[in-house]
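All remarks here apply to the structure that follows.
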Amino acid sequence: MSRYARIIGTGGYLPEKILTNDEISQTVDTSDSWIFERTGIKSRHIANENESASSMAEAAARQAIDAAQIDAESIDLIIVATGTPDRVYPSTGCLLQQRLGIKNCVAFDVQAACSGSIFALNIADQYIKSGAANTVLIVGAELCSRIVDWTDRSTCVLFGDGAGALLLSAAEEGGVLSTHIHSDGEFGNLLYCPNPQVATADNKDESGYIKMQGNEVFKVAVNTLGRIVDETLEANNLDLSEIDWLVPHQANIRIIAATAKKLKMSMEQVVVTLETQGNTSSASVLLAFNAAVRDNRIQRGQIVLLEAFGAGFTWGSALIRY
Ligand code: UT7
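In the working numbering, the protein residues as written are 41 to 362.
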């Protein structure tokens with residue numbers, strides 16, 4: 041009997057406060073038209089001072105638990121993907137476990153920057169397939185607004201805050217068909233966020249804000265995502281036409297459009313949340329997936345391709361029969 045990791049619930053949380061391009065253009069030298077034309081972003085959500093990765097993760101997780109109609113106590117494993125953990129330790133996974141009041145489960149974080157949700161999904165799938173876990177909660181939660189330099193127009197216009205969650209449970213059919221994850225540390229300096237408290241003498245003057253050579257990252261992202269589409273289709277012996285939905289990482293509408301073109305998909309089949317959310321890093325794929333499940337675009341039985349690319353570089357995909 042085969043075991044699959046089937047999605048039984050989804051959830052999302054976006055902070056109340058919305059920051060528009062026009063508002064940003066009052067503080068740095070940019071404009072709504074530049075941001076929208078180059079990225080596809082119009083506005084993003086910004087957490088208030090009382091919010092944290094774990095508080096947003098809790099809100100998204102509770103929605104997923106409600107949707108799945110399960111008792112939180114039946115969750116065996118919690119995996120949180122975040123680049124903005126509340127604390128260095130305990131992990132945000134453990135903080136979430138405490139918030140959800142779950143006594144008997146394992147919890148940890150994964151750090152794969154914007155690809156974090158796909159890495160978490162890969163791990164969840166292995167645990168469920170092998171029988172090591174029956175029910176796994178994965179969450180991507182990010183407070184990007186706290187690690188962007190609000191005086192740097194090349195990065196501050198791109199990011200937003202939020203959390204997305206997926207609950208997966210063992211099933212005999214359907215669910216995750218395959219996952220593919222990759223890393224290449226060679227490109228670490230094109231996109232990174234320093235950690236000043238543990239800096240060495242060489243980088244002790246760096247501030248703790250995101251640094252990105254956007255144009256270089258853009259080129260590698262387009263090529264790499266093209267390759268992972270091929271890898272995923274080949275691994276599943278699938279034709280392009282069999283994919284119903286693309287749920288991409290939301291970094292730039294031009295990167296998303298290039299992947300859709302590669303898949304010969306119309307943009308109607310692509311879930312895009314970028315315009316109102318910006319890049320929420322590891323939360324973005326999960327937030328987009330949740331949005332399209334809740335508005336009934338993604339239907340049970342359909343084939344969905346999830347993909348992401350981020351700092352590291354890291355990249356990955358997941359093919360799911362929802
Ligand atoms: O999620 C993780 C992975 N991250 C990504 O995938 C991000 C990938 N990169 C991108 O999405 C794009 O490279 C950006 C949106 C970041 C930048 O777009 P671009 O078309 O690559 O612009 P650029 O960096 O080549 O800059 C073009 C010009 C520059 O001016 P000059 O040198 O041509 O005079 C920049 O200084 O645009 C300028 N610029 C801006 N102008 C107005 C950069 N940021 C801004 C801004 N407003 N916010």
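Note that the Cβ used here is the ideal one computed from N, Cα and C, for glycine as well.
Straight-line spacing of the CA atoms in N319 and Q290 works out to 5 Å. Counting other Cβ atoms within 10 Å of its Cβ, T175 reaches 16 or more and is therefore classed as buried. The criterion of a C-beta distance shorter than 8 Å is not satisfied by L117 and Y44. Beta-carbon to beta-carbon, V311 and Y249 are separated by about 29 Å, too far to satisfy the 8 Å threshold. Distances from the CB of N243 to the heavy atoms of ligand 1 are all 7 Å or more. Following the DSSP letters along the chain, one finds L265 inside the alpha helix (DSSP H) bounded by residues G254 to A275. For A108, the closest alpha carbon among the candidates K143, G49 and S83 is that of G49. Under the Cβ criterion (8 Å, minimum of three pairs), the segment 141-151 counts as touching the segment 111-126.
For the pair S65 and E212, the Cα-to-Cα distance works out to about 52 Å. For A203, there is no enclosing alpha helix (DSSP H); the enclosing beta strand (DSSP E) covers residues D201 to A211.
Taking a C-beta distance under 8 Å as the contact criterion, L217 and L359 qualify as a contact pair.
Note that the C-beta distance between Q317 and L326 is not below 8 Å. With respect to L198, I81 sits close: the two C-beta atoms are nearer than 8 Å. Burial state of D106 is exposed, judged by a 10 Å Cβ sphere holding fewer than 16 other Cβ atoms.
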